[in-house]
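Numbering (this note's numbering), first residue to last: 332 to 544.
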Amino acid sequence: GLALMAACFVSAGLLFIPRMGIEVDEALVGSGIYPNSAPWFSVRIAGHDVPVMLMSHLGAIKALFYAVLFKLTPPRPMSLRLPTLLVAAGSLWVFFAFLERAISRRAAWIGTALLATDTSYTLMNAIDYGPVTLQLLFKLSAVTLGLKFHQSGRRSALAGAFLCLGLGLWDKAIFGWVLAGLAVGVMVVFPREAWRHMNVRNVAIAAVALLVG
């Protein structure tokens with residue numbers, strides 16, 4: 332079921348990977364990898380400059396991943412794009428879990444099938460112009476874990492949700508708006524449910540997890 336859907340999604344994305352030129356934001360990870368690159372901020376650890384921020388509003392999570400990957404395989408369209416395509420395929424599982432919890436299993440199958448076959452979603456993740464693929468994964472994971480916390484009361488899910496939101500804030504300029512939108516949306520649409528979970532312990536767990544992320 333889901334595995335076949337994800338495989339079809341990846342197969343469709345593979346058709347585009349070698350056929351389109353590298354977009355400038357897509358190549359931004361090089362700013363945190365190569366000697367002549369210039370990350371906005373880095374720290375020196377054991378004689379090596381470790382990038383922390385690629386730009387004033389963009390962190391280096393993706394660059395750190397590709398720094399390791401490019402030691403194993405040279406940079407080329409496939410090695411640059413396949414990882415984000417696989418992450419996007421994994422996001423289909425998260426989306427399915429969210430819809431199943433929020434609505435029903437039938438809705439989860441229909442919604443995930445629509446997303447997996449959406450042309451924009453395929454192209455956007457086959458050519459990840461910067462932080463988009465990870466942003467979608469962190470946002471979906473946070474919402475799914477937040478819903479799990481609301482339904483089960485498990486504080487580990489609460490911590491996981493805010494950890495994902497913290498990780499999403501590596502893209503500070505854009506994900507800040509996402510975070511603000513989620514906060515306002517929850518307080519406007521589900522004020523009673525939100526206030527019911529507002530206690531010192533939950534707020535402390537959420538704050539620490541967000542900061543760790």
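A virtual CB, placed ideally from N, CA and C, is assigned to each residue, including glycine. Nothing here was measured: the structure is a model prediction, and the numbers come from that model.
Am I right that residue i and residue j are in contact with their C-beta atoms under 8 Å? What's the rounded C-beta distance?
i, j, result
"P349", "M386", "About 28 Å separates the two Cβ atoms, so there is no contact after all."
"V425", "T475", "6 Å"
"F427", "T443", "4 Å"
Pick out whichever of the options has its Cα sitting closest to the Cα of residue i.
i, options, result
"A307", "L510, M518, F493 and G363", "Residue 307 lies beyond the stretch modelled for the chain, which goes from 332 to 544, so this question has no answer here."
"F429", "I505, R527 and K479", "K479"
"G421", "L335, G512 and L513", "L335"
"V341", "G507, I505, H481 and L423", "L423"
"W501", "A391, L333, I376 and M455", "A391"
"L454", "A343, C339, G332 and A338", "A343"
With burial defined as no fewer than 16 other Cβ atoms inside 10 Å of the residue's Cβ, what is the status of residue i: buried or exposed?
i, result
"R436", "exposed"
"V543", "exposed"
"L610", "As shown, the chain starts at 332 and ends at 544. That puts residue 610 outside it, with no answer to give."
"K402", "exposed"
"E357", "buried"
"G499", "buried"
"P405", "exposed"
"P522", "exposed"
"L300", "The requested residue 300 is not part of the displayed model; the chain covers only 332 to 544."
"S483", "exposed"
Can you give the Cα-Cα distance for residue i and residue j, rounded to whole angstroms?
i, j, result
"W440", "G477", "21 Å"
"A490", "M529", "14 Å"
"A419", "D449", "12 Å"
"V381", "G516", "37 Å"
"V355", "E431", "37 Å"
"A457", "R532", "41 Å"
"I353", "D459", "10 Å"
"V509", "H388", "14 Å"
"L287", "L467", "As displayed, the chain neither begins before 332 nor continues past 544, which places residue 287 out of reach and without an answer."
"A538", "L346", "42 Å"
Check whether the segment 385-400 touches the segment 346-364, taking contact to mean three or more Cβ pairs, one atom from each stretch, closer than 8 Å.
yes
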